[in-house]
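Residue numbers (UniProt numbering), protein chains in the order written: chain A, 1 to 201; chain B, 1 to 201.
We treat Cβ as the ideally placed atom computed from N, Cα and C, and that holds for glycine.
2 protein chains.
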Amino acid sequence: ARAVRGLLLDVSGVLYDSGADGGVPIAGSAEALRRIKAAGLKLQLCTNETQATRENFVKKLRALGFDISVAEVTAPAPAACRLLKERGLRPHLLVHDDLIPEFAEVDKTNPNCVVLGDAAENFTYANLNEAFRLLIGMEKPVLISLGKGRYYKETDGLKLDVGAYMKALEYACDVQAEVVGKPAKRFFESALAELGVPPEQ
Amino acid sequence: ARAVRGLLLDVSGVLYDSGADGGVPIAGSAEALRRIKAAGLKLQLCTNETQATRENFVKKLRALGFDISVAEVTAPAPAACRLLKERGLRPHLLVHDDLIPEFAEVDKTNPNCVVLGDAAENFTYANLNEAFRLLIGMEKPVLISLGKGRYYKETDGLKLDVGAYMKALEYACDVQAEVVGKPAKRFFESALAELGVPPEQ
């Protein structure tokens, strides 16, 4: 008989509610996390967070009372870095300033692809035109999108998410973006690989 | 036998090449326009120009040597105004500053639709979020787009056109925009109505 040996958990809306103020923990979630670990189950947090490095994301969650480590977080940016390396791709980044350190080790000279994240305030007319011009100028445009969310809620209201800007560039360049992050199958598979547990367990 | 009695002509790329400097006439086009009129043919210029009122657009073309009048120009904004009036729609405008006077007569209080044009520098993160929030908050979101171009060239390089931003809002709100302007059939029909000539002539 197959027993459950590990869990993939979402973060935003499961462990805490996000917001410009850093967010608030959801009642009982820190205790639930403790019990999962006490029961000997492995745990991997699967998030589409792309407004901060994993290090800072974990720092924030720990401050909110969650006992987690960087290795227990699967996020789009590190997954994108692996993909870039595998395929010899050099990205032009249109992402949030706080995410840029995740790409520190990646060669970004003479870009042959565009990586799009939830750039928030960096989604300016000039930055979008720049990403578009690079893409349309490529022999074979490669657009990698860190998620494809439509929108999300912050304390000051709804915000367009990366998926909307992905669609704008897809249409302008007549390309299909490669999505890294939920709900891409490959993303969950890499979370399972990090967990060290097969899908059926 | 049916004779040709009127012509619909494009403007940008046919009469002149546009640019931040006002553009340059295409060789022979002013003379061709004169001959068409001298031959007694009716003429309607069909443009997707949405960065200026028709008045200013015509002023610019006249300065470039073209003998045309405002009545000879069919453009998306006046067509959108007719549509808004017919359906009792009150728009929130995300358009170029120079186009706003075209909507002077339209009730814009308590918006129940969004009108999207090539807003250029007005395509800011804040303005896009504002248009999105209004749309998603409507019981039945109505998005009217003045054209659906992918991009266009200016003297300082390629720019994303209104169609890209239309796709972003369509995706975020799960709606389909109503396109006013080329290539919408309705737009050509209204140009023909203004010309006073049936399609087959």
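Contact with chain B by residue i, beta-carbon distance below 7 Å
| i | result |
| --- | --- |
| leucine 93/A | no |
| arginine 133/A | yes |
| asparagine 48/A | no |
| tyrosine 151/A | yes |
| alanine 121/A | A small fix is needed here, since residue 121/A is glutamate in this sequence, not alanine. By this cut-off, glutamate 121/A is an interface position. |
| tyrosine 16/A | no |
CB contact check: residue i to chain A, cutoff 7 Å
| i | result |
| --- | --- |
| lysine 167/B | yes |
| alanine 172/B | yes |
| leucine 128/B | yes |
Residue i vs residue j beta-carbon contact at 7 Å
| i | j | result |
| --- | --- | --- |
| leucine 45/A | glutamate 72/A | yes |
| alanine 168/B | lysine 167/A | yes |
| glutamate 55/A | alanine 77/A | no |
| threonine 74/B | alanine 191/B | yes |
| alanine 172/A | alanine 164/B | yes |
| tyrosine 125/A | glutamate 139/B | no |
| glycine 13/B | threonine 155/B | no |
| leucine 84/B | valine 106/B | yes |
Residue environment, residue i, which counts as buried when at least 16 other CB atoms sit within 10 Å
| i | result |
| --- | --- |
| valine 162/A | buried |
| alanine 52/B | buried |
| proline 111/B | buried |
| glutamate 49/B | buried |
| residue 204/A | With chain A covering 1 to 201 only, the question about residue 204/A has no answer from this structure. |
| proline 141/B | buried |
| lysine 182/B | buried |
| alanine 177/A | buried |
Nearest-angstrom beta carbon gap, residue j and residue i [assumed within contact, 8 Å]
| i | j | result |
| --- | --- | --- |
| alanine 30/A | phenylalanine 66/A | 5 Å |
| tyrosine 16/B | valine 4/B | Wrong, their Cβ atoms sit about 24 Å apart, outside the cutoff. |
| tyrosine 151/B | leucine 143/B | With a Cβ gap of about 20 Å, tyrosine 151/B and leucine 143/B do not count as contacting. |
| alanine 80/B | valine 180/B | 5 Å |
| leucine 158/A | isoleucine 100/B | Actually they are not in contact, since the Cβ atoms of leucine 158/A and isoleucine 100/B sit about 25 Å apart, beyond 8 Å. |
| leucine 43/B | leucine 9/B | 7 Å |
Cβ shell of residue i (< 8 Å), same chain only, five flanking positions each side left out
| i | result |
| --- | --- |
| leucine 41/A | Val4, Arg5, Gly6 and Leu7 |
| alanine 131/A | His92, Leu94, Val114, Leu116 and Leu169 |
| serine 69/A | Val58 |
| asparagine 127/A | Leu94 and Ala119 |
Contact test: residue i Cβ vs the ligand NAD heavy atom, cutoff 6 Å
| i | result |
| --- | --- |
| arginine 5/A | Among the components modelled here there is no ligand, and therefore nothing to report on the ligand NAD. |
Cβ-based neighbour list, residue i, same chain, cut-off 7 Å, excluding 5 preceding and 5 following
| i | result |
| --- | --- |
| leucine 134/B | His92, Pro111 and Val114 |
| proline 199/A | Leu192 |
Beta-carbon contacts of residue i that lie in its chain and below 6 Å, excluding the five residues immediately before and after
| i | result |
| --- | --- |
| residue 203/A | Since the displayed chain A opens at 1 and closes at 201, residue 203/A lies outside it and no answer follows. |
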